[in-house]
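Quick mapping for you: the protein sequence lines, in order, are chains A and B. For what it's worth, this note's numbering labels the leading residue of the first sequence as 977, then goes sequentially. For what it's worth, this note's numbering labels the leading residue of the second sequence as 661, then goes sequentially. Even glycine gets a Cβ: it sits at the ideal position worked out from N, Cα and C. What follows is a single structure, written as structure tokens, with notes after it.
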Amino acid sequence: MDTLFLLYKVIEGNSTFFSLYIINITSGHVSLVNVNPMTHVIVNYSLFVSPGLIFAPLSGAPTTFTLQGRPVEALESVVHGEEVLVSTNGVVLQKVAQGYNMTLVRANFPGVANDSFPDLSRLAGVRGGPLGLSPWSIFASSLLCSSLYLILRRFL
Amino acid sequence: MISRRSSGLPFLSLLLSLSAIPLFAGLPLTLYRVTYLGTIQDKLVGLILLITAAVILSLSKPVLSFSIPLSLIAYFFPVITAGGIAVISLYAVDFVPKWVRSLVLALDSASLSYLLLSLLGERYDFLMVPSAVFQVGEAQLIPFVLFAGVVLGLFPKGVGAVRRVPWFSGILAALAVSLIPLIPTVNPKGYAETMDWRFYYGWLESPTVHGWFFLTRPLYLSLLFALSKVFPALPLSLYQFPFLALAYTLSAYFLGESWRKGYGGLTSLCAAISPMLLTFLYSGLQANLFSIALEFSSLALLIRRERLVLAVILSYLSLLSHVYAWAQLEAGIFVYVCYAIITGRADVYLRRYALLTSPVLLIGLSLILGGVFPVPLTYNSMGQTFFQFALLSWGSANSFLYYALSVYGNRYMPGEILGIYASSVLAMPFTGVEQNLVIDLPLFLQLSASTSNLRDDLFKPLLLLLASWAMIMSLNSVPF
């Protein structure tokens, strides 16, 4: 079975980032990966995520939510001034509050969607791995490093 | 026989076991005032490194072969086991091999390229990782290192050598650390985000002599109030830090000069690149910084047994600038004075100094412990200690190499400094704000003593490593 995940796009004030919740059904463990396209940083938090962040009780008026161009049956309700859209099996699809918007953009979860795992480096806007490794950056920085090394060894 | 020949192998296993720790626990990296936990975590590679370290250790000293089975416990207690192997290899190190200079130079060049490229606007964050492994990767070991410093202080080793650096190097470094966040290309906002300035600005907007904020720092706030009549309040509160950093560096210069002639340049440089100053850069605490600068000047006079009245006046000015910092440093001096009186080493100057400051110290301590100026008193677990160093104030006080090098300097310190050091470090487990105890310490004296007694080829590369790390942290204090 593919990894179960929920990828949210979060807009908070004027900053935008992606929160990826990876759900391990056998251990019941949910880990959180935060991807920041502005700072090009991917952070993997291995921690216990409160289920209330991604699951919500079923209540509200029926409506539809569009995920990757496909309609998903949803229930819409307002809790504590926060507009919450929930799929019919309890997954949070969208949370909207004053200056805050969290929307599901990609998921692999039964009853919601069956998307492939996202390319995190591309989401973060980095060309290589998590710390921005790309052939060009490795070449340029190793050139600079080695020349600085030679200079330092000569003069220090 | 391999064991008879002295080799650099134990040092290699020390480095390997130290680099295993960030792989086990994750590297807390601070980029653009966001601290990311667990960036290069890879438990398998860490385990391989640690076992390699143990194998190398037992090859160089067969007596220590028990470290191989010990290293396998890392499967259950990774960080503790890696720390244990590091301590065993430190015990086995008999000399520092020649290649360490090349290694430190390589770390230097990586951090310097990171700095250069970042200032040019191109950020390759992986260039920061090599020095970060030894600087911020070992946050769990820092409390143990600091406690080991108390033990090392019990074995004095004479006065040691003096190494001179240009007298202005400290001032240049302080200016660099405090002004990098103000460079327009680095920080389009135009001001450094030093946290607490908002409180000072708020107080200048509506000055009041009531309440905890004024009563704990009346002199500093009055000084700001007087200056706000000349300069507008907003820039005044925004740009406090560069001037305070200079005051701190100058007081470090006087403290170093008064302790031993010719030491001032090195101590002021060590103060300017210290994690203490970086924590002030990240979290503000302006009155605290002003207060310790005054108290260090008073301490400089005390160490030379000169101008008693001025020393006492400076100490009282420090009290009025920030009660807590003063109480911590003065209590350390008081511990030393009590020790000196009991062992019969106290001179007239010291007795008079104690007579003039101890009544106020007792009143101040009773006010602090009595809850008028509250202090969080708790018992800190290991997890909280890790949090205090790795996360609090964006991990700016997290600088393993600085602490590890400076505790060796405790063997050359005069009693007054040792009193301050020991009393503060021993209070660490019981105070909710451990980090605030560490940042008030004059660790730059210890660092300059220990680096002065380093081998010639390591002195400059290591100082450059610490300095470039300070610049990197200063660069990353800017919010994105």
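What do you reckon, are the CB atoms on Pro867 of chain B and Phe885 of chain B nearer than 8 Å? yes
Taking a cut of 9 Å between CB atoms, which residues from the region 1078-1092 of chain A lie near chain B? none
Helix, strand or coil: how does DSSP classify Asn990 of chain A here? coil
What whole-angstrom Cβ distance do Tyr999 of chain B and Arg965 of chain B have, given they're in contact under 8 Å? Actually they do not touch by this definition, with Cβ atoms about 17 Å apart.
According to a CB-to-CB cut-off of less than 9 Å, which residues of the region 824-854 of chain B neighbour chain A? none
Check whether the Cβ atoms of Lys985 of chain A and Thr992 of chain A sit closer than 8 Å, and answer yes or no. yes
Below 7 Å between beta carbons is the criterion; list the residues of the region 977-1008 of chain A that meet it against any residue of chain B, in chain order. Result list empty, no residue passes.
Per-residue contacts from Leu1128 of chain A into chain B (C-beta, under 7 Å): Leu765, Asp768, Ser769
Boundaries (first-last residue) of the beta strand (DSSP E) holding Thr690 of chain B: Residues 689-691.
Which of helix, strand or coil DSSP assigns to Ser679 of chain B: helix
Among B:Phe1047, B:Leu1103, B:Phe1049, B:Gly1075, the one whose alpha carbon lies nearest that of Val1067 of chain B: B:Leu1103
Return the CA-CA distance between Leu1027 of chain B and Val1020 of chain B, expressed in angstroms with no decimal places. Using only the alpha carbons, I get a separation of about 10 Å.
Counterpart residues of Ala1089 of chain A in DSSP-defined beta bridges: A:Phe1085
In terms of DSSP beta bridges, what is Thr1039 of chain A paired with? Beta-bridge pairing links Thr1039 of chain A to A:Ala1050.
So, under 8 Å CB-CB, Tyr996 of chain B and Gly1069 of chain B are touching, yes? Tell me the CB distance rounded to an integer number of Å. Their Cβ separation, rounded to whole angstroms, is 17 Å, which puts Tyr996 of chain B and Gly1069 of chain B out of contact at 8 Å.
Output the distance between the C-alpha atoms of Tyr851 of chain B and Val837 of chain B, rounded to the nearest integer angstrom. Each residue's Cα considered, the two are about 14 Å apart.
Write down the C-beta distance between Lys606 of chain B and Arg1071 of chain B rounded to the nearest angstrom, noting that I regard them as a contact closer than 8 Å. Residue 606 of chain B is absent from the structure shown; chain B starts at 661 and stops at 1140.
Can you confirm whether Ser1097 of chain A, when its beta carbon is compared against all beta carbons of chain B, has any partner nearer than 8 Å? no
Reference Gly989 of chain A; option with closest CA among A:Val1068, A:Met1078, A:Arg1046, A:Leu996: A:Met1078
Shortest alpha-carbon distance to Gly1024 of chain B belongs to which of B:Ala931, B:Leu672, B:Leu875? B:Leu875
8 Å Cβ cutoff, Leu787 of chain B in contact with chain A: yes
Residue burial classification, Pro895 of chain B (beta-carbon count within 10 angstroms, cutoff 16): Classification for Pro895 of chain B: exposed.
Which residues in chain A have a C-beta closer than 7 Å to the C-beta of Tyr735 of chain B? List them in chain order. Those do not exist, as Tyr735 of chain B stays about 17 Å from chain A at its closest Cβ, beyond 7 Å.
In chain B, which residues lie less than 8 Å from Tyr1076 of chain A when you measure between Cβ atoms? Result: empty, since nearest Cβ-Cβ is about 19 Å, beyond 8 Å.
Please check if any C-beta of chain A sits within less than 8 Å of the C-beta of Pro803 of chain B. no
Just the Cα atoms here: how many angstroms apart are Trp759 of chain B and Leu767 of chain B? So the alpha carbons of these two residues sit roughly 13 Å apart.
Determine the direct distance from the alpha carbon of Val1009 of chain A to that of His1056 of chain A, and round the result to whole angstroms. Approximately 27 Å between the Cα atoms of the pair.
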